[in-house]
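>
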Amino acid sequence: MTWNAHRNAPAPGTVLCRRDEVPDGGVREFTRGEGRDAFRFVLVRWGGECRAYVNRCPHFLIPLNTGDGGFLTTAGVLWCGQHSAQFRFEDGFCVDGPCKGGTLEAIPLSCRDGVLAIA
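According to the numbering used here, the stretch in the sequence shown is residues 3 to 121, in order.
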């Protein structure tokens, strides 16, 4: 299933937040819906650039969050909190870990006047 086929995926044009609400070098999670039907995705930011990805590691199709709900990042890399797979912010490509060579599922994003929205 692609990200936008999920019944709780945000529609194009959905405003998410201001770019400055995502910490530089960090991650912000969004959830649409509840329980097993919830659609979880993340925004990552480095400098003026932001990307959005489905919050699901391609290794075991589990969320990237750590046990306490936070995210591990280092120098433009998002880590899977379960198996330490490492994904580049700029394209979601897995550079190391059990799913090396795989990618996070990207969600198109637009930014206008500092406001991030689903493209």
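Note that beta-carbon positions come from the ideal geometry of N, C-alpha and C, so glycine has one too.
Can you tell me where the beta strand (DSSP E) holding L63 begins and where it ends?
Note, L63: premise wrong, no beta strand (DSSP E); not H, not E.
> In the DSSP assignment, find the beta strand (DSSP E) that holds W48 and state where it starts and stops.
F41 to W48
> Sort out for me which residues DSSP pairs P112 with in a bridge.
First, the residue type needs correcting, since residue 112 is Ser and not Pro in the sequence shown. S112 is bridged to A119.
> On a Cα-Cα basis, can you pick out the residue from G72, G83 and R20 that is closest to C52?
The shortest CA-to-CA distance from C52 to any of G72, G83 and R20 is the one to R20.
> So, with DSSP's three-state summary, where would you put E1?
Here the chain has residues from 3 to 121 only, and residue 1 is not among them.
> When the Cα of C59 is compared with those of A40, D98, C82 and W48, which residue comes out closest?
C82
> Expressed to the nearest angstrom, what Euclidean distance is found between the alpha-carbon atoms of H61 and G103?
Put simply, the backbone Cα of H61 is about 11 Å away from that of G103.
> So if DSSP puts A54 in a beta bridge, which residue, or which two residues, is it bridged to?
L45 and I109
> Using the rule of at least 16 other Cβ atoms within 10 Å of the residue's Cβ for burial, across every protein chain shown, is P25 buried or exposed?
With fewer than 16 other Cβ atoms within 10 Å, it is exposed.
> Confirm, please, whether the CB-CB distance from G99 to S86 is below 7 Å.
yes
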